[in-house]
Ligand SMILES: [Zn+2]
């Protein structure tokens, strides 16, 4: 985990050891199966949530992988009726199409990118719509930022919110332009703050027990990063790579690409607000 120069450390919670191939019960009517696609950006793998015990709703079916699909169908223990998608990244939604073919489940949720559609939703969900499930009504909360169409899902009466890749305990979110926008991401953090106290069940890693505290921590983290980027530009022009070297200390080389995307998302937002300008590859303060 990189330490932010002059900023706030966002303490990751990494003590998460999923039992692959097993659905772990987290609450009444809520189980979690973690896919076997662990890596630098996916941590221990993508979390797929199963709602209900007789009429199953899957939130994020996970990657398009034979072993994972077999795991998912085996642990469900009952017919999978609907597939709910938070966003169209392949590690979350890659299995949607094949799982639907195998089970006949309908696909609902976030719109896929028309340039590289991973699946064809039977129903697109807008902000505030509900999906009835055996475990209770799921209400969508539009949370763009990590991805333009990102949706979180609030499970009525449970105090649980499925936060996808918007808020996680193990890491901050990668905001990848142009689909991801920092301005949207920050507004989406405010959205969750307004929603009130919840525990979050994220797309990777263990639960976020105190959602409001995590949202506040993530906001302060981004504000500190922005301040560090502006300081890196105080002495003149910089490229994105030069800003990454100045702002991240002890960065794992495997995460350099993600760090560059994150800095680009920040500088895009600074440009939008007229605080930074870009000429060719070089950025400077106005
Ligand atoms: Zn994602």
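Residue numbers (full-length UniProt numbering): 1 to 286.
Note that beta-carbon positions come from the ideal geometry of N, C-alpha and C, so glycine has one too.
Does the distance from the C-beta atom of residue 133 to that of residue 52 stay below 7 Å? yes
From the DSSP output, in three-state form, read off residue 190 for me. helix
Should residue 204 be listed as close to ligand 2, given that the test is whether its C-beta is under 6 Å from any heavy atom? The model on display carries ligand 1 but not ligand 2.
DSSP on residue 301, reduced to helix/strand/coil? Since the first and last residues shown for the chain are 1 and 286, residue 301 lies out of range.
Give the C-beta separation of residue 50 and residue 58 to the nearest angstrom, bearing in mind that I take them to be a contact with Cβ-Cβ under 8 Å. 6 Å
Any non-hydrogen atom of ligand 1 within 6 Å of residue 89 CB: yes
How would you call residue 284, buried or exposed, if buried means at least 16 neighbouring beta carbons within 10 angstroms? exposed
Range of the contiguous beta strand (DSSP E) that encloses residue 137: 136-142
Please tell me whether, using a cut-off of 6 Å, the distance from the CB of residue 165 to the nearest non-hydrogen atom of ligand 1 is below it. yes
On the criterion of 16 or more Cβ atoms from any shown chain inside 10 Å, does residue 117 qualify as buried, or is it exposed? exposed
Hey, residue 78 and residue 56 are a contact pair by Cβ (cut 8 Å); roughly how many whole angstroms apart? 5 Å
Starting from residue 154, follow the beta strand (DSSP E) in both directions and report where the run begins and ends. 151-155
Grab me the residues of residue 274's own chain with a C-beta within less than 7 Å of its C-beta, minus the 5 sequence neighbours each way, in chain order. 286
Distance, residue 279 Cα to residue 162 Cα: 40 Å
Where does residue 107 fall in DSSP's three states? strand
Taking CB distances under 7 Å as the criterion, tell me whether residue 24 reaches chain C. The structure shown has no chain C; it contains just one protein chain.
Considering only residues of the same chain and omitting the five flanking positions on each side of residue 271, which have a CB-CB separation below 7 Å? 277, 278
For the region 139-155 against the region 179-188, are there 3 or more C-beta pairs whose distance is under 8 Å? yes
Report the option in 61, 14, 130, 245 whose CA atom is closest to the CA atom of residue 100. 61
Please work out which residues of its chain come closer than 7 Å, Cβ to Cβ, to residue 105, disregarding the five sequence neighbours upstream and downstream, and give them in chain order. 80, 81, 82, 83, 99
Hey, would you say residue 127 sits closer than 7 Å to residue 140, going by beta carbons? yes
Taking the alpha carbon of residue 92 as the point to measure from, which residue in 244, 37, 175, 241 has its own alpha carbon closest? 37
Backbone secondary structure at residue 118 - three-state DSSP: coil
I believe residue 225 touches residue 247 by the beta-carbon criterion, under 8 Å. Please report the beta-carbon distance rounded to the nearest angstrom. 7 Å
Pair within 7 Å by beta-carbon distance, residue 32 and residue 24: yes
Top-ranked residue by Cα proximity to residue 177, from 136, 120, 264, 156: 264
Where residue 70 sits in the DSSP three-state scheme: helix
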